[in-house]
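So the protein lines, in turn, are chains A and B. Mapping of the first sequence onto UniProt numbering: position 150 corresponds to residue 150, and the numbering continues sequentially without gaps. Mapping of the second sequence onto UniProt numbering: position 89 corresponds to residue 89, and the numbering continues sequentially without gaps. In what follows, a structure is listed as structure tokens, so that the remarks can point back to it.
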Amino acid sequence: MSVPDILAADPAPLPGAAPPGSAAPGDATTARRPWLRTLTHSRSLATGLVLLAIVLLVAIIVPLLDPGGATRLQAQDSLAGPGAGRLLGADQLGRDLLTRLAEGYRISLAVSLGSVALALLIGCPLGLLAATGSPRLGGLIMRVLDVLMAFPALLLAIVVVALFGPGTLVLLLAIGIVYTPIIARVMRAAALETSRQSFVEAARARGASYWRLVLRHITPNSLGPVIVQATILMAVSILLEAALSFIGLGVQPPTPSLGLMLSAGRDFMASSPWVVADPAVAILLVVLGFTLVGDGMQEWLDPKKRAIAR
Amino acid sequence: MSDQHPELLRVEALRKEFPRHASLAAKLTGATHEPLVAVRDVSLGVAPGETLAIVGESGSGKSTLGRMILGLMPPTSGTITFDGRDITALPPAGRRALTRDLQVIFQDPYSSLNPRQRIEDIIREPLDIHRIGTLDQRRERVRELMDQTALPDRYRRCYPHELSGGLRQRVGIATALAVHPKVIVADEPVSALDVSVQAQILDLLAEVQRQTSVAMVFISHDLGVVQQISDRVAVMCQGEIIELGPIEDVYTHPQHPYTRALLSAIPPADPTQPYQPIAIGDPVPLSDADPGCRFRGRCWLAEEVCAQQPPALSPRPSGDLARCHITERAPDTWFEADQAITIGGR
Chain A
1 MSVPDILAAD PAPLPGAAPP GSAAPGDATT ARRPWLRTLT HSRSLATGLV
51 LLAIVLLVAI IVPLLDPGGA TRLQAQDSLA GPGAGRLLGA DQLGRDLLTR
101 LAEGYRISLA VSLGSVALAL LIGCPLGLLA ATGSPRLGGL IMRVLDVLMA
151 FPALLLAIVV VALFGPGTLV LLLAIGIVYT PIIARVMRAA ALETSRQSFV
201 EAARARGASY WRLVLRHITP NSLGPVIVQA TILMAVSILL EAALSFIGLG
251 VQPPTPSLGL MLSAGRDFMA SSPWVVADPA VAILLVVLGF TLVGDGMQEW
301 LDPKKRAIAR
Chain B
1 MSDQHPELLR VEALRKEFPR HASLAAKLTG ATHEPLVAVR DVSLGVAPGE
51 TLAIVGESGS GKSTLGRMIL GLMPPTSGTI TFDGRDITAL PPAGRRALTR
101 DLQVIFQDPY SSLNPRQRIE DIIREPLDIH RIGTLDQRRE RVRELMDQTA
151 LPDRYRRCYP HELSGGLRQR VGIATALAVH PKVIVADEPV SALDVSVQAQ
201 ILDLLAEVQR QTSVAMVFIS HDLGVVQQIS DRVAVMCQGE IIELGPIEDV
251 YTHPQHPYTR ALLSAIPPAD PTQPYQPIAI GDPVPLSDAD PGCRFRGRCW
301 LAEEVCAQQP PALSPRPSGD LARCHITERA PDTWFEADQA ITIGGR
């Protein structure tokens with residue numbers, strides 16, 4: 001999702017949007033607008049997008065204000081409380097927590113976006129192939145993915161990290177591998193359901209090729225659940241990244257990460273709660289944002305429900 | 001009738017069996033399961049420009065027949081020829097090429113249109129598939145087709161859910177016509193629509209056929225609907241054609257008790273006329289190897305001979321073919337002598 005898209009989520013009335021009720025059914029000129037209007041109608045989608053927009057703005061702008069601030073040590077500010085100079089306080093080494101949070105957001109968002117994109121890239125074609133290919137091929141693909149799924153997510157990620165050594169890229173790869181079977185299963189289930197609908201049979205009877213059937217008819221009508229699942233997985237991958245970094249298998253210091261900050265700050269929790277509270281709230285905000293967007297997305301993606309919201 | 005014209009589409013001894021899954025107990029005792037015969041050696045032909053209706057109750061095999069003609073389901077045995085060419089088991093590429101001449105209209109206009117395609121894209125798709133003309137020419141053709149099927153231009157960029165059932169079925173018809181096919185298989189094209197809309201769609205189909213002289217296989221369970229649009233009618237029952245002939249002959253002189261029962265189920269237009277549908281109940285299951293008439297379990301005319309030998313599809317003086325021992329003996333008088341009306345209430 002690009003920045004302008006998220007910014008467009010502002011629930012304020014949009015300039016040029018027709019007043020509700022003026023959209024005549026079947027009128028081609030107003031038929032193009034309802035997606036915008038749904039954003040203002042679906043509260044969870046709008047709230048989630050606003051949250052993510054704030055997170056993204058913080059991640060983009062704050063590090064620009066103080067380049068290098070995330071790793072600059074200032075002993076005199078050690079465990080400084082939130083105040084005028086340091087909006088969110090400083091950690092035990094005197095590093096500005098707001099700047100570190102923003103840097104951590106960058107890494108967390110990159111890891112979650114990257115891992116989910118990787119899972120989509122591998123999982124969607126696998127799921128489609130399993131649903132539309134020969135039953136034997138489909139069975140083979142699904143059994144292999146079942147084996148992957150049998151491992152608990154965290155354990156599987158730890159195995160990947162143990163194989164390749166800790167690091168941000170490995171983290172992305174590990175989470176992506178954990179997610180691939182989840183995406184593939186959702187894709188397959190949705191594609192199977194869509195293939196049974198009569199418009200797919202109609203297209204086949206009209207001479208559509210396999211690729212046309214899959215790309216024009218099955219995929220666009222099966223992506224809804226996959227996108228919702230992907231959005232929810234983004235939230236989970238923020239948590240997974242935090243968990244892996246917390247136990248030292250993810251992002252390596254001094255690079256800031258939300259999980260790492262939680263881990264390092266837990267010794268000072270009693271005396272300086274902000275050291276832990278800041279990253280914790282930061283995780284909460286971004287996870288909540290992704291979850292709300294995932295919930296609202298289903299409605300926004302379905303042209304039928306879009307019409308109802310109108 | 002079909003003998004006078006070179007036939008466009010010919011179905012010969014077409015048969016479709018569905019295997020029945022054996023229960024565990026049956027597997028253990030070694031009992032063999034007969035497959036379910038959905039279409040039983042059906043033969044018929046369609047001449048260029050004519051409308052052949054296939055009518056029958058649910059489970060009579062009419063839709064299975066249509067699906068086999070469309071290549072959506074392989075027949076167990078028998079052949080299908082199109083324009084003299086055997087199309088029974090075409091490879092995928094050949095089957096796709098054939099769809100230029102053989103198109104389809106589906107029953108349910110709600111689920112047979114892709115909800116994520118705009119109306120113009122749906123209608124254009126067959127042109128895209130067959131790479132006919134440039135993009136501009138295809139768009140022009142879409143406009144032409146929408147005009148022909150009385151779809152107002154403002155729906156061009158709408159999605160299917162924004163249209164009513166009747167309008168959607170017009171989209172289905174426009175799509176089927178896009179590539180100028182020679183035959184359209186219409187599987188229950190109006191049964192999902194309101195009666196008032198049904199009439200409009202039937203009128204449209206008749207009008208379209210007058211303009212384009214496309215031949216049509218019109219599958220329906222409703223003889224009343226078929227009467228408006230067909231040249232000939234094939235009545236199917238339990239997988240077999242039991243009567244086949246010109247529509248007027250079948251309507252005025254039905255040569256099979258099943259046809260008679262179907263006709264009695266059409267409510268008379270005049271409400272003061274008596275409406276006494278003949279109740280014949282559900283199909284009586286018969287072994288595939290049974291030698292007799294498959295309809296005898298529900299037939300009020302059945303005699304001993306019906307259980308002993310299968311009736312053949314034999315020509316009758318009125319011009320149709322029918323499969324019945326009893327009416328064969330008295331093709332002109334059985335209808336008048338039949339006491340079915342009194343049985344009707346049972």
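Cβ coordinates follow ideal geometry from the N, Cα and C atoms, glycine included. Computed from a prediction, not measured in an experiment: that's the story for all the values here.
Residue burial classification, residue i (beta-carbon count within 10 angstroms, cutoff 16)
i: Q103 of chain B; result: buried
i: E125 of chain B; result: buried
i: D153 of chain B; result: exposed
i: Q255 of chain B; result: buried
i: T333 of chain B; result: exposed
i: H253 of chain B; result: buried
i: E241 of chain A; result: buried
i: A89 of chain B; result: exposed
i: P109 of chain B; result: buried
i: L126 of chain A; result: buried
i: G66 of chain B; result: buried
i: S112 of chain A; result: buried
Alpha carbon of residue i to alpha carbon of residue j, nearest angstrom
i: L73 of chain A; j: R95 of chain A; result: 5 Å
i: V161 of chain A; j: P63 of chain A; result: 28 Å
i: L285 of chain A; j: P273 of chain A; result: 18 Å
i: P160 of chain B; j: S112 of chain B; result: 10 Å
i: L24 of chain B; j: H33 of chain B; result: 12 Å
i: D41 of chain B; j: R85 of chain B; result: 20 Å
i: I119 of chain B; j: Y210 of chain A; result: 22 Å
i: I60 of chain A; j: R157 of chain B; result: 39 Å
i: A157 of chain A; j: S237 of chain A; result: 11 Å
i: T291 of chain A; j: A46 of chain A; result: 12 Å
i: Q309 of chain B; j: I278 of chain B; result: 25 Å
i: A119 of chain A; j: G239 of chain B; result: 49 Å
i: V208 of chain B; j: P331 of chain B; result: 37 Å
i: V217 of chain B; j: L109 of chain A; result: 58 Å
i: L263 of chain B; j: Y251 of chain B; result: 7 Å
i: A190 of chain A; j: I218 of chain A; result: 9 Å
i: V144 of chain A; j: Q227 of chain B; result: 57 Å
i: G224 of chain A; j: R323 of chain B; result: 53 Å
i: R316 of chain B; j: A234 of chain B; result: 15 Å
Residues of its chain near residue i, where Cβ-Cβ distance is below 8 Å and the 5 sequence neighbours each way are ignored
i: R204 of chain A; result: L213
i: Q117 of chain B; result: E125, Y159 and P160
i: T212 of chain B; result: L177 and H180
i: M149 of chain A; result: P181, I182 and R185
i: L215 of chain A; result: none
i: E17 of chain B; result: P35, L36, V37, A38 and T76
i: Q107 of chain B; result: D187, E188, P189, S191 and A192
i: Q200 of chain B; result: G166
i: E12 of chain B; result: S43, G78, T79, I80 and T81
Proximal residues to residue i (C-beta, below 6 Å), its chain only, five neighbours per side dropped
i: C306 of chain B; result: G292, C293, R296 and H325
i: L233 of chain A; result: V116 and Y179
i: L163 of chain A; result: none
i: S257 of chain A; result: G104, I107, S245 and V251
N- and C-terminal bounds of the alpha helix (DSSP H) containing residue i
i: M236 of chain B; result: No alpha helix (DSSP H) contains M236 of chain B, which is instead part of the beta strand (DSSP E) from R232 to C237.
i: A18 of chain B; result: Strictly speaking, residue 18 of chain B in this sequence is Phe, with Ala absent from that position. That residue, F18 of chain B, is in no alpha helix (DSSP H); its beta strand (DSSP E) goes L9 to F18.
i: residue 355 of chain B; result: This structure leaves residue 355 of chain B out entirely; chain B is present only between 1 and 346.
i: L128 of chain A; result: L97 to T132
i: P126 of chain B; result: I119 to I129
i: Q252 of chain A; result: Taken as a continuous stretch (DSSP letters only), Q252 of chain A belongs to no alpha helix (DSSP H), as it is neither H nor E.
i: L140 of chain A; result: P135 to A150
i: T272 of chain B; result: No alpha helix (DSSP H) holds T272 of chain B; DSSP gives it neither H nor E.
i: M64 of chain A; result: The question names Met, but residue 64 of chain A in the sequence shown is Leu. Where L64 of chain A is concerned, the enclosing alpha helix (DSSP H) stretches over R43 to L65.
i: R188 of chain A; result: T168 to S195
i: I158 of chain A; result: A153 to F164
First and last residue of the uninterrupted beta strand (DSSP E) at residue i
i: M269 of chain A; result: Per DSSP, M269 of chain A belongs to no beta strand (DSSP E) and is neither H nor E.
i: A186 of chain B; result: V183 to D187
Cβ-based neighbour list, residue i, same chain, cut-off 7 Å, excluding 5 preceding and 5 following
i: V55 of chain A; result: Y105, L285, V286 and G289
i: L127 of chain B; result: G133, R138, R141, A178 and V179
i: V58 of chain A; result: A102 and Y105
i: L145 of chain B; result: I123, A174, L177 and A178
Within the stretch 35-115 of chain B, ranges of the alpha helix (DSSP H) (whole runs, at least 4 residues): 62-69 and 92-98
3-residue-minimum beta strand (DSSP E) runs that sit fully inside the stretch 283-339 of chain B, ordered along the chain: none
In chain order, each beta strand (DSSP E) run of at least 3 residues that lies wholly inside the stretch 143-229 of chain B: 183-187 and 215-220
Complete runs of the beta strand (DSSP E) confined to the stretch 197-256 of chain A [at least 3 residues]: none
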